[in-house]
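**Q**
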Amino acid sequence: MLRLHGIVGHEADAGLHDRLHHVEHHGGIEFLFVPPEEAGRKRFRRATDRGTDCAVSLDRDEDLIDGALLWLEHDRAIIVRFGQQALWRLRPINATAALKLGWHAGNLHWRVRFEGECLVILLDGPPADYRARIAHLLAEGDIVDLADV
Amino acid sequence: MTGVQKTKGARIAAARVGIGGPVGSGKTALVERLIPALLGRGIDLAVITNDLVTAEDAERIRRSGLIDPARVSAVEAGACPHTVIREDPTLNIEAADELERRFPGVELILLESGGDNLASTFSRDLTDFWMFVIDVAGGDDIPRKRGPGVIRCDLLVINKTDLAPHVGVDLARMHEQALAVRSNRPVLLTNCRKGEGIDAVVGMIERDVLFRA
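This is how it looks when you write it as structure tokens:
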């Protein structure tokens, strides 16, 4: 187990470029893939793409980001990679439909983003589970399903 | 190792583990079993309980003699319990921060939610790991109902296993269905009254949260 605490930098940091380039040249870059729905964790245990068992903790005021550097030594670096967040983009046809959709999304505790006239759902589970909850709105044509998922 | 690492000299915050589940499923009983098991393994511990409008569970644990009463804090939600563990967990975050200030060496804080329904979940801002406790007497159809608490928790605990034959529950099938709806993520069986299954829960906390093994 490799115990890691905190983010020591970012793969794009100019000050780390030469060191990371050296590590990469020696084949020492390991990626720790973190699903987007797990990105909010402050403490977790996962294996890198090369099988290194990483026990990771962050300070309470730190947020894990894609490209975060968790470990760096002369011949080895561990970099976080997020998978792509699954999104479901919905456009209500009018204000009434928007109120209905917002009411459901709130009551269902969905994670959402607002994009102009669209409500974007950040999916933490299978799309069918989400679709089933507002099937009636979709069937009635109140919501335009822009189907990013 | 010569790597750049923040760990050196840094004080690492205590791990925070949530315990949620329906009313009467055995959350407080689980806490009462976990306390001596965790202390017995040398883990520096504190506890937060959540109740609706009382400090009933905190008082029960303080009086239990299992832990220094000063290490037990109470949060009164005043509303649905999930509001203070998910929508706005600031009361619990402040309670945990305050315990860490008073007990700087604390490694683990258990946060017991008030009894809620199957939709109850913990905010990632509050807990690093959370378990959801259901019990066989609540019915063997509970896992099949796929509540967010059952599906999303890091560990599902099925408690009161000793009651299965008395309430007509096929425990093996309930366990199998729980694993199925959770895509084989962890499900453990306990009988908190007799302390059965507690070691497995503690082992998981030690491995996945405290990184001891």
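Sequence order for the protein chains is W and A. Residue 927 is where the first sequence ends in the working numbering, and the numbering goes up by one at each step. Residue 214 is where the second sequence ends in the working numbering, and the numbering goes up by one at each step. Here a beta-carbon is modelled for each residue, glycine too, at the ideal position from N, C-alpha and C.
What would DSSP say about residue 204 (chain A), mapped onto helix, strand or coil?
**A** Three-state result, residue 204 (chain A): helix.
**Q** When you compare the CB of residue 199 (chain A) with every CB in chain W, is at least one pair closer than 8 Å?
**A** It does not; no Cβ of chain W falls within 8 Å.
**Q** Where does residue 870 (chain W) fall in DSSP's three states?
**A** Looking at residue 870 (chain W) - three-state DSSP - the assignment turns out to be strand.
**Q** Based on Cα-Cα distance, which residue from A:87, A:119, A:172, A:98 lies nearest to residue 109 (chain A)?
**A** Among A:87, A:119, A:172, A:98, the Cα nearest to that of residue 109 (chain A) belongs to A:98.
**Q** So residue 56 (chain A) and residue 38 (chain A) are in contact, right, with Cβ under 8 Å, and what is the actual spacing, rounded?
**A** Residue 56 (chain A) to residue 38 (chain A), Cβ: 24 Å. No contact.
**Q** Cα-Cα, which of W:843, W:908, W:872 is closest to residue 922 (chain W)?
**A** The residue with the shortest Cα to Cα distance from residue 922 (chain W) is W:872.
**Q** Can a CB atom of chain W be found closer than 8 Å to the CB of residue 210 (chain A)?
**A** Yes - at least one Cβ of chain W is within 8 Å of the one on residue 210 (chain A).
**Q** Would you give the residue range spanned by the alpha helix (DSSP H) that residue 182 (chain A) belongs to?
**A** Unbroken alpha helix (DSSP H) run through residue 182 (chain A): 172-182.
**Q** Helix, strand or coil for residue 922 (chain W), going by three-state DSSP, please let me know.
**A** Three-state result, residue 922 (chain W): strand.
**Q** Here's the rule I'm using: 16 or more other beta-carbon atoms within 10 Å means buried, otherwise exposed. How should residue 80 (chain A) be labelled?
**A** Answer is exposed; the Cβ neighbour count stays below 16.
**Q** Give the secondary structure of residue 885 (chain W) by DSSP, where H, G and I count as helix, E and B as strand, and everything else as coil.
**A** In the structure shown, residue 885 (chain W) sits in a helix (DSSP, three-state: H, G or I).
**Q** How is residue 134 (chain A) classed by DSSP in three states: helix, strand or coil?
**A** In the structure shown, residue 134 (chain A) sits in a strand (DSSP, three-state: E or B).
**Q** Would a check of beta-carbon distances place residue 989 (chain W) closer than 8 Å to chain A?
**A** Chain W is shown from 779 up to 927; residue 989 (chain W) falls before or after that span and cannot be answered.
**Q** What's the gap between the Cα of residue 43 (chain A) and the Cα of residue 203 (chain A)?
**A** Their backbone Cα atoms lie some 12 Å apart in a straight line.
**Q** When you compare the CB positions of residue 867 (chain W) and residue 890 (chain W), do they come within less than 8 Å of one another, or not?
**A** No, the Cβ-Cβ distance between residue 867 (chain W) and residue 890 (chain W) is not below 8 Å.
**Q** Can you list the alpha helix (DSSP H) stretches of 4 or more residues lying completely in the stretch 30-79 of chain A, in chain order?
**A** DSSP runs (the alpha helix (DSSP H)) wholly in the stretch 30-79 of chain A: 57-64.
**Q** Could you give the C-beta distance for residue 62 (chain A) and residue 32 (chain A), rounded to a whole number, given that I count them as a contact under 8 Å?
**A** About 6 Å; that satisfies the 8 Å criterion.
**Q** Excluding the 5 residues flanking residue 875 (chain W) on each side, which residues of the same chain have their C-beta closer than 8 Å to its C-beta?
**A** Closer than 8 Å at Cβ, skipping near neighbours: 915, 920, 921.
**Q** Can you name, in chain order, every residue of its own chain whose Cβ lies under 8 Å from the Cβ of residue 786 (chain W), other than the five neighbours on each side?
**A** Result list for residue 786 (chain W): 847, 848, 849, 850, in chain order.
**Q** From residue 779 (chain W) to residue 824 (chain W), what distance separates their C-alpha atoms?
**A** Cα to Cα, residue 779 (chain W) sits roughly 10 Å from residue 824 (chain W).
**Q** State the Cα-Cα distance for the pair residue 83 (chain A) and residue 115 (chain A), rounded to the nearest angstrom.
**A** In a straight line, the C-alpha of residue 83 (chain A) is about 8 Å away from that of residue 115 (chain A).
**Q** Can you pull out the residues from the stretch 885-904 of chain W whose beta carbon lies closer than 8 Å to at least one beta carbon of chain A?
**A** Per Cβ criterion, the list reads 887, 902, 903.
**Q** Answer with yes or no whether the minimum CB distance from residue 129 (chain A) to chain W is below 8 Å.
**A** Closer than 8 Å to some Cβ of chain W, the Cβ of residue 129 (chain A) qualifies, so yes.
**Q** Report yes or no: is there a C-beta of chain W within less than 8 Å of the C-beta of residue 125 (chain A)?
**A** It does; some Cβ of chain W falls within 8 Å.
**Q** Under DSSP, the alpha helix (DSSP H) around residue 801 (chain W) begins and ends at which residues?
**A** Segment 795-803, the alpha helix (DSSP H) holding residue 801 (chain W).
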